[in-house]
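Asks: Which chain is which? The protein sequence lines are A and B, in order.
All letters in the first sequence, in the order written, are residues 16 to 244 by our numbering.
All letters in the second sequence, in the order written, are residues 16 to 244 by our numbering.
In this text, a Cβ means the ideal position worked out from N, Cα and C, and glycines have one as well.
Just so it is clear, the structure is predicted and the values come from calculations on it, not from any experiment.
There are 2 protein chains.
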Amino acid sequence: MNLKAIQKICYGVYIISSKKDDKINGQIANTAFQITSDPPTLAISINKQNLTHQFIESSKVFSVSVLSKFAPMTLIGKFGFKSGRDIDKFTDTKYKMGRTGVPIVLDSTVSFLECEVLSMTDVGTHTIMIGKVVDCDVLGEGEPMTYAYYHTVKGGKEPKTAPTYIKEESIKPAPEESGKYVCNVCGYIYDPAAGDPDNGVKPGTRFDDLPDTWVCPICGAPKSEFTKE
Amino acid sequence: MNLKAIQKICYGVYIISSKKDDKINGQIANTAFQITSDPPTLAISINKQNLTHQFIESSKVFSVSVLSKFAPMTLIGKFGFKSGRDIDKFTDTKYKMGRTGVPIVLDSTVSFLECEVLSMTDVGTHTIMIGKVVDCDVLGEGEPMTYAYYHTVKGGKEPKTAPTYIKEESIKPAPEESGKYVCNVCGYIYDPAAGDPDNGVKPGTRFDDLPDTWVCPICGAPKSEFTKE
Chain A
16 MNLKAIQKIC YGVYIISSKK DDKINGQIAN TAFQITSDPP TLAISINKQN
66 LTHQFIESSK VFSVSVLSKF APMTLIGKFG FKSGRDIDKF TDTKYKMGRT
116 GVPIVLDSTV SFLECEVLSM TDVGTHTIMI GKVVDCDVLG EGEPMTYAYY
166 HTVKGGKEPK TAPTYIKEES IKPAPEESGK YVCNVCGYIY DPAAGDPDNG
216 VKPGTRFDDL PDTWVCPICG APKSEFTKE
Chain B
16 MNLKAIQKIC YGVYIISSKK DDKINGQIAN TAFQITSDPP TLAISINKQN
66 LTHQFIESSK VFSVSVLSKF APMTLIGKFG FKSGRDIDKF TDTKYKMGRT
116 GVPIVLDSTV SFLECEVLSM TDVGTHTIMI GKVVDCDVLG EGEPMTYAYY
166 HTVKGGKEPK TAPTYIKEES IKPAPEESGK YVCNVCGYIY DPAAGDPDNG
216 VKPGTRFDDL PDTWVCPICG APKSEFTKE
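So, in structure tokens, the structure goes:
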């Protein structure tokens, strides 16, 4: 059984948001898909440990923002590798309130869908939530980010609560040139050949030459959290 | 509500196969996604009208073949726009029998997953089937086809039983140059500028100049089933 077979399945990169009482939260997810066309219904799969899961269970509403392929890793890091229990993810994030009172992230968003939950199915670590689309719109002409693009072009990783997470030790990496450093928090690999252009670091910059103020573009961990690959 | 928002969600293009007694069948689907990583489980969404739905309900096993971006439209047409009630789709298709006795399509396949059904959730016109992966492998180095690629590069359409189907009249087409012909059966548009290279028709070939033996590359309908767009 070669589990890399599962990695060939295609996903997008989304921010799923919800609310509970007067609190709002959101998270990155790669699983969203249409169920029926009439009425338009959508399903998402959310880890039970996540705060957004709690919020959707409580309010029975959620929104899906389809991220552009140009979404910066800082946005993905904030919504994907940090918990709403620790930070307010909507500070410095452009969003609007939907008609159901759910927040809808607009930063780097090519389209959004606002949904009312019709049903929830327990699938072990995750819950599949099916929602009726009550509002949706396209924002601009941008191209959506695919999960494959996030992995191969942006060098992105998945958090341990993602359905697609595979323990690093179960994947044998190809022999790599040295000079790369891996983030102990989220698994992001700093590759000097690629640099970190989103944050002003040119390709060809050695890890040691990164400024001390540089942080992991995904999870925000400092340089001291990195170890040589 | 701009329903084009839903079209920004990312999908792949898969052949889902199953069996019932000594019969085998398969169909195109764009919805397959991982649910949990340990044990590896997968969900698919299948229209209740489809023969493959009947077969999975009966045998409780299915396979998913992840199609390559170079999969020919004839393969997609055979599995996506024809019914196993009318033809044997596995004639002239390369496949193998999996360990559960389910057929696994190997033509234009970059990876496959063989699953035993754990649960089924009724979602109106469709059923979400969750399966435990009992076997899987990667076949070669090919890149998977995304649904966006199928639409924009291959000019593909969806059958009426797809969750993503939207009635043509609800989408206002952009003004087009003339010379295009649309298939009345499946909606495929023959564009003379693109030709039909999969079937030896060079770009620049007018519809009238297509040989009488030419058939719709998706559904196999004859030239007489085409009308000027």
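Which residue from B:Phe222, B:Tyr205 and B:Thr242 puts its Cα closest to that of Met88 (chain B)?
Replies: Numbered from 1 along the second sequence, position 73 holds the residue referred to as residue 88 (chain B). Of B:Phe222, B:Tyr205 and B:Thr242, the residue nearest in Cα terms is B:Tyr205.
Asks: Does Thr176 (chain B) have its Cβ less than 8 Å from a Cβ in chain A?
Replies: Position 161 of the second sequence, counted from the start, is the residue given in the question as residue 176 (chain B). Taking Cβ atoms only, chain A never reaches closer than 8 Å to Thr176 (chain B), which makes this a no.
Asks: Could you tell me whether any Cβ in chain B is nearer than 8 Å to the Cβ of Ser123 (chain A)?
Replies: Sequence index remark: in the first sequence, residue 123 (chain A) carries index 108 (1-based). Closer than 8 Å: no.
Asks: Helix, strand or coil: which one does DSSP assign to Val236 (chain B)?
Replies: Position 221 of the second sequence, counted from the start, is the residue given in the question as residue 236 (chain B). The question names Val, yet the displayed sequence has Ala at residue 236 (chain B). Correct three-state label for Ala236 (chain B): coil.
Asks: Which full runs of the alpha helix (DSSP H) of 4+ residues lie inside the segment 108-189 of chain B, going along the chain?
Replies: Taking only runs of at least 4 residues, the alpha helix (DSSP H) segments lying wholly in the segment 108-189 of chain B are 162-167.
Asks: Can you pull the chain A residues whose beta carbon is under 8 Å from the beta carbon of Phe138 (chain B), in chain order?
Replies: Position 123 of the second sequence, counted from the first residue, corresponds to residue 138 (chain B). The sequence given here has Val at residue 138 (chain B), not Phe. Going along chain A in sequence order, the residues near Val138 (chain B) (Cβ under 8 Å) are Ile50, Thr51, Thr56, Ala58, Ser134 and Ile145.
Asks: How far does the alpha helix (DSSP H) with Gln69 (chain A) in it reach, from first residue to last?
Replies: By 1-based counting over the first sequence, the position of residue 69 (chain A) is 54. That run of the alpha helix (DSSP H) goes Leu66 to Ser74.
Asks: Classify Ile102 (chain B) as buried or exposed, calling it buried when 16 or more other Cβ atoms lie within 10 Å of its own Cβ.
Replies: The residue given as residue 102 (chain B) occupies position 87 in the second sequence. With fewer than 16 Cβ atoms within 10 Å of its Cβ, Ile102 (chain B) is classed as exposed.
Asks: Between A:Pro178, A:Asp122 and A:Pro118, which lies nearest to Lys34 (chain A) when the distance is taken from Cα to Cα?
Replies: Along the first sequence, read from residue 1 onward, the residue named residue 34 (chain A) stands at position 19. Lys34 (chain A) has its Cα closest to that of A:Pro118, out of A:Pro178, A:Asp122 and A:Pro118.
Asks: Report yes or no: do the segment 18-35 of chain A and the segment 43-56 of chain B share at least 3 C-beta pairs separated by less than 8 Å?
Replies: A contact exists between the segment 18-35 of chain A and the segment 43-56 of chain B.
Asks: Which one of A:Lys104, A:Ala86 and A:Ser32 has the shortest CA to CA distance from Ser60 (chain A)?
Replies: As a working mapping, residue 60 (chain A) is identified with position 45 in the first sequence. Nearest C-alpha to Ser60 (chain A): A:Ser32.
Asks: Please list the terminal residues of the continuous beta strand (DSSP E) segment that includes Gly27 (chain B).
Replies: The count along the second sequence starts at 1 and reaches residue 27 (chain B) at position 12. Run containing Gly27 (chain B): none; DSSP gives neither H nor E here.
Asks: Helix, strand or coil, according to DSSP, for Asn214 (chain B) in the structure here?
Replies: Against the second sequence, residue 214 (chain B) aligns to sequence position 199. If DSSP states are grouped into helix, strand and coil, Asn214 (chain B) belongs with the helices.
Asks: Could you spell out the range, first to last residue, of the beta strand (DSSP E) harbouring Ile43 (chain B)?
Replies: Stepping through the second sequence from its first residue, residue 43 (chain B) is reached at position 28. Start and end: Lys38 to Ala44.
Asks: Determine whether the beta carbon atoms of Phe222 (chain A) and Tyr203 (chain A) lie at a separation below 8 Å.
Replies: Taking the first residue of the first sequence as position 1, residue 222 (chain A) is located at position 207. Taking the first residue of the first sequence as position 1, residue 203 (chain A) is located at position 188. In this structure, Tyr203 (chain A) does not lie closer than 8 Å to Phe222 (chain A) by Cβ.
Asks: Between Ala47 (chain A) and chain B, is there a C-beta pair that is closer than 8 Å?
Replies: To locate residue 47 (chain A), count along the first sequence from 1; it is residue 32. Yes, Ala47 (chain A) counts as interfacial toward chain B.
Asks: For the candidate residues B:Gly113, B:Arg114 and B:Ser123, whose alpha-carbon lies nearest to that of Asp107 (chain B)?
Replies: In the second sequence, residue 107 (chain B) corresponds to position 92, counting from 1. Checked all of B:Gly113, B:Arg114 and B:Ser123; the closest Cα to Asp107 (chain B) is B:Ser123.
Asks: Figure out for me which residue from B:Pro218, B:Ile233, B:Gly219 and B:Phe241 has the closest Cα to the Cα of Asp227 (chain B).
Replies: Taking the first residue of the second sequence as 1, we reach residue 227 (chain B) at position 212. Ranking B:Pro218, B:Ile233, B:Gly219 and B:Phe241 by Cα distance to Asp227 (chain B) puts B:Phe241 first.
Asks: With 16 other CB atoms within 10 Å as the buried threshold, where does Ile186 (chain A) fall?
Replies: Indexing the first sequence from 1 puts residue 186 (chain A) at position 171. Because the pLDDT at Ile186 (chain A) is just 45, under 50, the model does not fix this residue reliably, and the point stays unresolved.
Asks: Would you check if the distance between the CB atom of Asp235 (chain B) and the CB atom of Val120 (chain B) is smaller than 8 Å?
Replies: In the second sequence, residue 235 (chain B) corresponds to position 220, counting from 1. In the second sequence, residue 120 (chain B) corresponds to position 105, counting from 1. One point to set straight first is that residue 235 (chain B) is Gly, not Asp, in the sequence displayed. Cβ atoms of Gly235 (chain B) and Val120 (chain B): not closer than 8 Å.
Asks: Look at Cys151 (chain B) and Leu225 (chain A) and say whether their C-beta atoms are less than 8 Å apart.
Replies: Position 136 of the second sequence holds residue 151 (chain B). Position 210 of the first sequence holds residue 225 (chain A). No; because the gap between Cβ atoms is not below 8 Å, this pair is not in contact.
Asks: With C-beta atoms as the reference, is Val76 (chain B) less than 8 Å away from Cys130 (chain B)?
Replies: In the second sequence, residue 76 (chain B) corresponds to position 61, counting from 1. In the second sequence, residue 130 (chain B) corresponds to position 115, counting from 1. Closer than 8 Å, so yes.
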